[in-house]
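Novice: Sharing a structure, written as structure tokens. Questions coming.
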Amino acid sequence: MKEENGNLKFIILLLSISLIWVWSWIFIDILVPIEQRSNFGDKFGFINSLFSGLALAVIIYSIILQQKELNLQRKELSDTRQEFKDQNFQTTFFNLIKTQQQIANEISTTIVNLK
Numbered sequence: 001m002k003e004e005n006g007n008l009k010f011i012i013l014l015l016s017i018s019l020i021w022v023w024s025w026i027f028i029d030i031l032v033p034i035e036q037r038s039n040f041g042d043k044f045g046f047i048n049s050l051f052s053g054l055a056l057a058v059i060i061y062s063i064i065l066q067q068k069e070l071n072l073q074r075k076e077l078s079d080t081r082q083e084f085k086d087q088n089f090q091t092t093f094f095n096l097i098k099t100q101q102q103i104a105n106e107i108s109t110t111i112v113n114l115k
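Counting in the UniProt record's numbering, the sequence shown runs from 1 upward without gaps.
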């Protein structure tokens with residue numbers, strides 16, 4: 001249900017943007033004289049530069065976020081390796097103790113009376 005609402009909102013947004021674009025095209029063709037259209041277009045040149053700068057800033061920000069995430073992954077990998085080393089040592093240590101206990105249990109002694 002939530003996915004359908006998200007899709008519906010996205011479709012409404014696209015339709016709204018399309019209608020505004022078509023309306024502005026008609027508005028410029030009908031109401032703005034040919035002599036003033038170049039001035040009108042120059043205003044959008046500034047907005048284009050602004051959006052290009054914002055896009056570059058967003059790309060740089062995403063690179064910084066990816067770098068932080070990569071550093072966190074490296075730290076997690078290092079911690080995981082250390083945990084495996086500790087676990088391997090503990091397993092080996094307790095297996096040695098178990099083997100030593102088995103050897104000790106298998107030792108039998110007989111006491112004879114030497115008199």
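For each residue, glycine too, the CB sits at the ideal point set by N, CA and C.
Can you list, in chain order, the residues of its chain whose CB lies under 7 angstroms from that of F89, leaving out five sequence neighbours each side?
Specialist: Once the five neighbours on either side are set aside, F89 has no close Cβ partner at all.
Novice: May I ask you to report which of helix, strand or coil DSSP gives N7?
Specialist: Here N7 sits in helix by DSSP.
Novice: Straight-line CA distance for L70 to I60?
Specialist: So the alpha carbons of these two residues sit roughly 15 angstroms apart.
Novice: For F103, which of helix, strand or coil comes out of DSSP?
Specialist: As written in the sequence, residue 103 is Ile, which differs from the Phe given in the question. Helix at I103.
Novice: Express the C-alpha separation of G53 and S62 in angstroms, rounding to a whole number.
Specialist: Looking at the two C-alpha atoms, the distance is approximately 14 angstroms.
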